[in-house]
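Report on the following structure.
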Amino acid sequence: MTESGNENVHRFKKAATRIFHRIVEIAARLLFSIVYYGSNEKVPPINNILLLESASSLAFKIRTKKVSSVEVVESFIARIKEVNPIINSLVDNRFATALEEARAADELIASGLKSETVLAKEKPFLGVPFTTKECLQSEGLSFSAGLYKRRSIRGTKDADAVACMKKAGAILLGVTNVSELAMWWESHNYVHGRSRNPYNASRIVGGSSGGEGAILAAGASPIGIGSDIGGSIRMPCFFNGIFGHKPSKFIVSNEGQFPNPSDEDHASFLGLGPMGRYACDLLPILKIVADKNASKLKLETKVDMKQVKVYYAEDDGGSSFISPVDSDIKASLRKVISYLEKAHGIKAQKVALKPLRLSGPIWLARMKSRSGSRFAQELSNNEGNLNIFWELLKWLLCMSHHTLIALCTVVMEGFGVKYGSPKHQYLVEQSNQLQVQLTDMLGDDGVFLYPTHPTPAPFHNEPLIKPFNFAYAGIFNIMGFPATHIPLGLGSEGLPIGIQAVGTYGNDHLTIAMAVELEKAFGGWVPPSVSV
Ligand SMILES: CCCCCCCC/C=C\CCCCCCCC(N)=O
Numbered sequence: 001m002t003e004s005g006n007e008n009v010h011r012f013k014k015a016a017t018r019i020f021h022r023i024v025e026i027a028a029r030l031l032f033s034i035v036y037y038g039s040n041e042k043v044p045p046i047n048n049i050l051l052l053e054s055a056s057s058l059a060f061k062i063r064t065k066k067v068s069s070v071e072v073v074e075s076f077i078a079r080i081k082e083v084n085p086i087i088n089s090l091v092d093n094r095f096a097t098a099l100e101e102a103r104a105a106d107e108l109i110a111s112g113l114k115s116e117t118v119l120a121k122e123k124p125f126l127g128v129p130f131t132t133k134e135c136l137q138s139e140g141l142s143f144s145a146g147l148y149k150r151r152s153i154r155g156t157k158d159a160d161a162v163a164c165m166k167k168a169g170a171i172l173l174g175v176t177n178v179s180e181l182a183m184w185w186e187s188h189n190y191v192h193g194r195s196r197n198p199y200n201a202s203r204i205v206g207g208s209s210g211g212e213g214a215i216l217a218a219g220a221s222p223i224g225i226g227s228d229i230g231g232s233i234r235m236p237c238f239f240n241g242i243f244g245h246k247p248s249k250f251i252v253s254n255e256g257q258f259p260n261p262s263d264e265d266h267a268s269f270l271g272l273g274p275m276g277r278y279a280c281d282l283l284p285i286l287k288i289v290a291d292k293n294a295s296k297l298k299l300e301t302k303v304d305m306k307q308v309k310v311y312y313a314e315d316d317g318g319s320s321f322i323s324p325v326d327s328d329i330k331a332s333l334r335k336v337i338s339y340l341e342k343a344h345g346i347k348a349q350k351v352a353l354k355p356l357r358l359s360g361p362i363w364l365a366r367m368k369s370r371s372g373s374r375f376a377q378e379l380s381n382n383e384g385n386l387n388i389f390w391e392l393l394k395w396l397l398c399m400s401h402h403t404l405i406a407l408c409t410v411v412m413e414g415f416g417v418k419y420g421s422p423k424h425q426y427l428v429e430q431s432n433q434l435q436v437q438l439t440d441m442l443g444d445d446g447v448f449l450y451p452t453h454p455t456p457a458p459f460h461n462e463p464l465i466k467p468f469n470f471a472y473a474g475i476f477n478i479m480g481f482p483a484t485h486i487p488l489g490l491g492s493e494g495l496p497i498g499i500q501a502v503g504t505y506g507n508d509h510l511t512i513a514m515a516v517e518l519e520k521a522f523g524g525w526v527p528p529s530v531s532v
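All residue numbers for the sequence shown refer to the UniProt record's numbering, where the first residue is 1 and numbers rise by one.
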């Protein structure tokens, strides 16, 4: 066959794959709509104004005795008790200890031993409650990572990031649900069950920091710490309409997570960072969890929006296996672009970065390690290897304690592209090319705006039909770049939508400044329900 003939066959195959994928997606959506018809419960409206404060504002009010820490902690505990039966977000708590710590914080403030200025410096979040995901070790609390074999394991010490928060005076309320081994974008497992979206309980909360996204959006915790190796902070923030920041690589310590990154590459993809309802909390919380590495970032630099260069893309250029970007998301991105021009004279440039179309395959290839598959081992809690055929059979007979997607991930690891093969090398090259393109384009004063995810929160289990949609977020983990999710209100289905702002290494202050700016212009977090 001639070269142009070959090209035509290739084009035809691609179009056919895309059409087939769309048909399956539409048919599945129809089926899920029928299955979940009428089960669109929301969390009740927030009636306590303390729950509407940012973590920074709560810290200030506690420190200056305008409100007591006990009052704040009690308010959030009451809200958790109200919403958790609907969203199944908090899976273990330390309420009694948290209240004791709140009393101690109030006593320290009342004693006058330390001035407000000293307290603001030494314990900037004194008396402010927070939550974190269950796969981040927290002393005395469940630490299963959603793995049935680990169901009775509890943390014996705090992960570094949790310890940093406590050192800053913050009070841990409890831990939130994750996907099995934090390796999927829906939070469901056989230890703690399934978490549900506060805007519509028939929809997912995302993963792996999904319980965290839901509890924050429901107004039941002021601030949270998540982790992100393939979008696990940004996707839950997107589905639950809140802010979240995945920092530049190696800024926040990964210590104290299960599973642990298997090598240096994986460790560079993983980033722990803040999640919350208000953009103003991202930077101070990042500073705290970054600890000594905060000085590697430019967090004190004031950003002049007029000097920021903006680039954007409305989609990945048309990957066959990824859903098309929802029209509400595209429209909101366009509104952002025209706002930036009107308010700051920024002439944003639309770009087409070819390797983005390969985001899914690139992420999967870069996650391959030289030493071979580890997921099957981790699924057995590193106690031998999992017999995948036996487990799949057990799953079919409803006898397995593993989720279907975890088993599919083991299969994928076995059958996917081999480490070092020509296909693997090609994908690594594409990934390097994208890194160079983004670095040259953005420099130290540019931000790339891009959908965080192609569709608003799908129904439970629907992600199995579109597994690679996570790649919109995951690709930037591979680059080691900072990325901030920015909520932009609700779409036509009443579900949160938004975009991410991506910068080059070390420019976390730029993507966070963009979040602060767009929150001012577009309103940021929208409560799931309001009193009538
Ligand atoms: C029934 C269909 C099965 C399709 C199998 C697809 C296997 C997918 C493999 C990897 C998906 C990884 C998703 C990563 C999500 C976020 C992870 C994170 N912790 O940041």
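The beta carbon of each residue, even a glycine, is placed where N, CA and C say it ideally should be.
If the criterion is Cβ atoms closer than 8 Å, does the pair residue i and residue j meet it?
i	j	result
D508	L270	no
C280	S56	yes
V274	I229	Correcting the residue type first, residue 274 is Pro in the shown sequence and not Val. Taking 8 Å as the Cβ cut-off, P274 and I229 do not qualify as a contacting pair.
P129	V83	no
F76	L99	no
G211	S89	yes
L272	I512	no
L490	F522	no
Y199	P458	no
H21	S320	yes
N189	G213	no
G506	K298	yes
residue 545	F375	No statement about residue 545 is possible, as the shown extent of the chain runs from 1 to 532 and does not include it.
G317	R357	yes
L427	I362	yes
G127	I80	no
F95	L173	yes
Which residue comes first and which comes last in the alpha helix (DSSP H) that contains residue i?
i	result
L449	Run containing L449: none in the alpha helix (DSSP H); it sits in the beta strand (DSSP E), 446-451.
D440	422-442
M399	Segment: none, M399 is in no alpha helix (DSSP H) and carries neither H nor E.
L364	359-367
L108	95-111
Y472	471-479
Q377	375-379
E53	Here E53 belongs to no alpha helix (DSSP H), and DSSP marks it neither H nor E.
F76	69-87
K354	Counting along the chain, K354 falls outside any alpha helix (DSSP H), and DSSP gives it neither H nor E.
E519	508-522
F269	264-269
V289	282-290
Nearest by alpha-carbon distance to residue i: which of the options is it?
i	options	result
S371	K330, G414, I171, I337	G414
F143	N93, I34, S115, D291	N93
G498	L393, Y505, A96, A515	A515
E517	V308, L353, R196, S319	V308
K123	S152, K167, L108, R374	K167
N293	P456, A15, D160, L136	D160
G193	H401, F468, M235, V417	H401
E107	R79, C135, V67	V67
G87	V178, K149, P451	Per the sequence presented here, residue 87 reads as Ile, with Gly not at that position. That would be V178, whose Cα lies nearest to the Cα of I87.
P247	P482, K13, L113, I26	P482
G155	K133, A170, G169	K133
I233	D440, S221, G207, F250	G207
D304	A104, L340, E101	L340
L449	G443, V417, I486	I486
L364	L147, K14, A102, G416	G416
A348	G360, E383, Y312	Y312
When DSSP builds the beta bridges, which residues end up paired with residue i?
i	result
P496	L490
F250	F250 is not bridged to any residue.
N177	Beta-bridge pairing links N177 to no other residue.
I225	T132, P274
N200	N197
residue 534	No statement about residue 534 is possible, as the shown extent of the chain runs from 1 to 532 and does not include it.
Q349	Y311
R29	None, per the DSSP bridge assignment.
R154	S142
V502	F448, A483
F238	According to DSSP, which records beta bridges pairwise, F238 is partnered with nothing at all.
F459	R203
N387	DSSP output for N387 lists no bridge partner at all.
F12	F12 pairs with nothing; no bridge assigned.
If I follow the unbroken beta strand (DSSP E) through residue i, where does it start and stop?
i	result
L297	From DSSP, L297 is part of no beta strand (DSSP E); its letter is neither H nor E.
K335	Here K335 belongs to no beta strand (DSSP E); instead the alpha helix (DSSP H) covers 327-344.
Taking Cβ positions only, does residue i come closer than 8 Å to chain B?
i	result
V308	The structure shown contains no chain B, having only a single protein chain.
Handout entry: Beta carbon shell of ligand 1 at less than 6 Å from a heavy atom
Key = Qualifying residues, in the order they occur: A182, M183, W184, W185, S208, D228, I229, G230, G231, S232, C408, T409, M412, L464, P467, F470.
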